[in-house]
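Note that my numbering numbers the sequence shown so that position 266 is 646, with each residue one more than the last.
C-beta: ideal position from N, C-alpha, C; glycine also.
Structure first, commentary second.
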Amino acid sequence: MTPDVTGLLLITLSALGAQGQDLYEEDPAASAPVRAEAYHQLIGYVDSLAAAETPLSPLWTPKYGSIDAYAASTAPLVGELRARMGYPSPGALAEPSVRRERVAEDDVATYSRMWIEVFEGVELYSLFIVPKGLDGPAPLLITQHGGGGAPELATFAGGANYHDMVRGAVSEGYVAWAPALVFNTFGDGELLPQGIRPLLDARARRAGVTLAAIEITAITTALTAVLRQPEIDPERVGMVGLSYGGFYTLYTAALEPRIKVAVSSCFFNDRASVLAAAEPHGWGDMSYLGAGRLIDDADVAALICPRPLQVQVGVSDDLFPVEGARAAAPKARLHWEELGLGDRFEFIDAEGTHEWFGPPAWAFLRKWL
381 MTPDVTGLLL ITLSALGAQG QDLYEEDPAA SAPVRAEAYH QLIGYVDSLA
431 AAETPLSPLW TPKYGSIDAY AASTAPLVGE LRARMGYPSP GALAEPSVRR
481 ERVAEDDVAT YSRMWIEVFE GVELYSLFIV PKGLDGPAPL LITQHGGGGA
531 PELATFAGGA NYHDMVRGAV SEGYVAWAPA LVFNTFGDGE LLPQGIRPLL
581 DARARRAGVT LAAIEITAIT TALTAVLRQP EIDPERVGMV GLSYGGFYTL
631 YTAALEPRIK VAVSSCFFND RASVLAAAEP HGWGDMSYLG AGRLIDDADV
681 AALICPRPLQ VQVGVSDDLF PVEGARAAAP KARLHWEELG LGDRFEFIDA
731 EGTHEWFGPP AWAFLRKWL
């Protein structure tokens with residue numbers, strides 16, 4: 381419907397042009413309702429595409445006759461996901477080199493900084509924390525921070541809303557590896573420009589990939605080097621993460637079979653619900669062509685199956701609404717149940733906000749890692 385702007389247009393017929401003509405003028409602000417209406421019409425159109433009554437053809441048809449049959453049936457979905465994300469990002473090194481610098485020791489662990497060259501000239505930075513008193517190689521737990529975060533923020537001074545996500549892993553006897561994602565981290569000042577992720581993602585898409593694909597490729601490439609560290613049992617690898625870290629946990633575990641168990645906190649959801657709660661942000665760097673309609677979070681979770689997966693949400697989380705997570709969880713759970721492995725999928729809706737829920741996570745990991 382065309383908005384009524386009668387009375388808003390400021391018409392001036394007395395303005396004289398260079399040749400003495402009378403020219404029509406109006407205040408550009410007067411047409412703001414027209415522009416606003418155009419925006420809302422486009423939003424409605426895009427939403428109608430996502431909610432079309434005739435869905436696009438399924439990208440895959442799961443087969444539950446056996447674990448092998450199920451794994452084979454996921455191949456089309458894996459191919460679509462990799463192609464749509466641009467994963468793996470080109471140029472990953474087959475033999476990533478490692479710089480490991482021990483920086484501290486306390487009563488419970490030794491702390492090292494680690495730089496792993498994942499592409500030529502590109503290093504993935506991380507913290508590597510080894511519990512004291514290990515009798516032999518220990519399980520590795522990848523502990524992935526979230527938006528505006530850093531390995532240090534998730535580890536030290538109580539861990540903010542990460543709580544015990546990193547140091548709790550050490551207490552459980554796991555070697556904690558905490559990779560860094562690229563953010564203008566809270567407190568960085570002007571070290572990095574604002575909006576660094578949208579900028580990087582836009583450049584990545586021009587190159588035919590996504591920032592998410594680049595960072596997942598970096599993590600999976602670096603994992604090869606981490607698993608060669610003498611403290612690690614390479615057959616026992618898990619991954620946990622909060623928020624953006626929950627996104628990277630879900631997708632990295634889906635694409636990397638060396639990860640045997642995963643806990644994704646405060647990400648897994650119905651994407652339409654998240655988008656509605658996120659206006660006008662939209663989480664563009666978590667997206668790719670067809671994300672949420674052709675491939676939703678339950679589909680990505682299906683690629684982790686039959687490996688164990690726990691997904692968490694806070695009932696008062698205002699970024700990733702609990703209602704959306706509750707709607708998506710049964711769609712994911714179905715795959716484990718159809719294979720007779722229902723105890724390997726857990727959905728946790730806990731009292732709290734946008735935060736890590738340690739007790740159910742550690743109980744799940746003790747069982748499966």
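Residue closest to residue i, alpha-carbon to alpha-carbon, out of the options
i	options	result
LEU591	THR600, ASP581 and GLY466	ASP581
ALA741	ALA634, THR523 and LEU683	THR523
ARG493	ARG479, ALA656 and ASP486	ARG479
GLU717	GLN692, ALA682 and GLY471	ALA682
ALA587	ASP679, SER653 and TYR467	TYR467
Euclidean distance between Cα positions of residue i and residue j
i	j	result
GLY542	ASP729	A small fix is needed here, since residue 542 is Tyr in this sequence, not Gly. Straight-line Cα distance between these residues: approximately 16 Å.
ARG358	ALA418	Residue 358 is absent from the model: the chain starts at 381 and stops at 749.
LEU579	GLY516	44 Å
THR386	GLN421	Caution is warranted here: a pLDDT of 47 is assigned to THR386, below 50, making its placement in the model unreliable, and the coordinate value is therefore given only provisionally. If I take the Cα positions, the gap works out to 20 Å.
LEU514	PRO456	42 Å
ALA721	VAL617	The question names Ala, but residue 721 in the sequence shown is Leu. Rounded to the nearest angstrom, the two C-alpha atoms are 20 Å apart.
GLY553	ASP486	15 Å
ALA412	GLU405	15 Å
LEU745	LEU473	31 Å
TYR631	PRO637	11 Å
ALA408	ILE639	With the sequence shown as reference, residue 408 is identified as Pro, and Ala is not the correct amino acid for it. Spanning the two alpha carbons is a distance of roughly 56 Å.
ARG464	ALA518	36 Å
ALA556	PRO511	8 Å
ASP698	GLY539	20 Å
ALA656	ALA671	15 Å
ILE576	ASP665	11 Å
GLN690	ARG415	44 Å
ALA584	GLY694	32 Å
LEU669	GLN609	37 Å
LEU719	PRO688	12 Å
Residue i burial status per 10 Å Cβ neighbour count (16 or more: buried)
i	result
VAL483	exposed
SER645	buried
ILE447	exposed
SER623	buried
ARG651	buried
GLY501	exposed
SER428	exposed
GLU726	buried
LEU749	buried
Nearest-angstrom beta carbon gap, residue j and residue i [assumed within contact, 8 Å]
i	j	result
GLY526	GLY625	4 Å
LEU461	ILE675	6 Å
ASP544	GLY732	Their Cβ separation, rounded to whole angstroms, is 14 Å, which puts ASP544 and GLY732 out of contact at 8 Å.
LEU507	TYR491	7 Å
VAL352	VAL550	It is not possible to answer for residue 352, since the shown part of the chain is limited to 381 through 749.
GLU595	LEU561	6 Å
ALA707	PHE648	11 Å between Cβ atoms; not a contact.
SER684	ALA743	First, the amino acid is wrong: residue 684 is Ile here, not Ser. The pair is not a contact, with the Cβ atoms about 19 Å apart (cut-off 8 Å).
ILE496	ALA605	5 Å
THR629	PRO476	21 Å between Cβ atoms; not a contact.
Assigned secondary structure, residue i (DSSP; H/G/I helix, E/B strand, else coil)
i	result
ALA395	Any reading at ALA395 must be qualified, since the residue scores a pLDDT of 47, below 50, and its modelled position is unreliable; the value itself is stated next. Correct three-state label for ALA395: strand.
VAL458	helix
PHE499	strand
GLY732	coil
PRO710	helix
TYR628	helix
PHE737	coil
SER645	strand
THR523	strand
ARG638	coil
MET494	strand
ASP402	strand
VAL695	coil
GLN690	strand
PRO511	strand
LEU655	helix
LEU390	With a pLDDT of only 44 at LEU390, under the threshold of 50, the placement of this residue in the model should not be trusted, and no figure is reported.
ARG482	strand
ALA743	helix
Near the ligand NAD: residue i beta-carbon under 6 Å from a heavy atom
i	result
PRO476	Looking at this structure, you won't find the ligand NAD or any other ligand, since it has none at all.
is_contact[residue i, chain C] using C-beta, thresh 7 Å
i	result
ILE509	No chain C appears in this structure, which consists of one protein chain only.
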